[in-house]
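In terms of this note's numbering, the sequence shown opens at residue 363 and continues consecutively.
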Amino acid sequence: RLRPLLPNEIARGEAPCCEVQDANSMLVRTGVGKQWRQYAFDACLPSDRSQRQAFQESGVTNLLDSAIDGYAGTVLAYGQTGSGKTHTILGRL
363 RLRPLLPNEI ARGEAPCCEV QDANSMLVRT GVGKQWRQYA FDACLPSDRS QRQAFQESGV
423 TNLLDSAIDG YAGTVLAYGQ TGSGKTHTIL GRL
């Protein structure tokens, strides 16, 4: 899931460095020459997804249902500092 730009990033005129291309790929702007590179993933969610949509589309809601039934489960958020892990797990604070 892409993290939307923060208000201070928008105020500084910053532009997103990533764009979701489709359900399984995204474009990432490189620092050299501002070229774009495409990467493939199991799933890609754009920044306009609501918290509910992100949880449903990523399978977290199914995992939570199973946990309520007594099964163990883990949601792991991995990525660079500032990449949107907390936003993805908690939503807007």
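Glycine is no exception: its CB is placed at the ideal position from the N, C-alpha and C atoms.
Keep in mind it's a predicted model, so treat the numbers as computed, not measured.
By the Cβ neighbour-count rule, Leu452 is exposed, with fewer than 16 other Cβ atoms within 10 Å of its own. Per DSSP, reduced to three states, the secondary structure at Val422 is helical. In this structure, the beta-carbon distance from Leu364 to Gly446 falls below 9 Å. Checking the DSSP bridge columns, you'll see Glu371 has no partner listed. Contact between Asn424 and Ala405 is absent: CB atoms are separated by about 14 Å, not below the 8 Å threshold.
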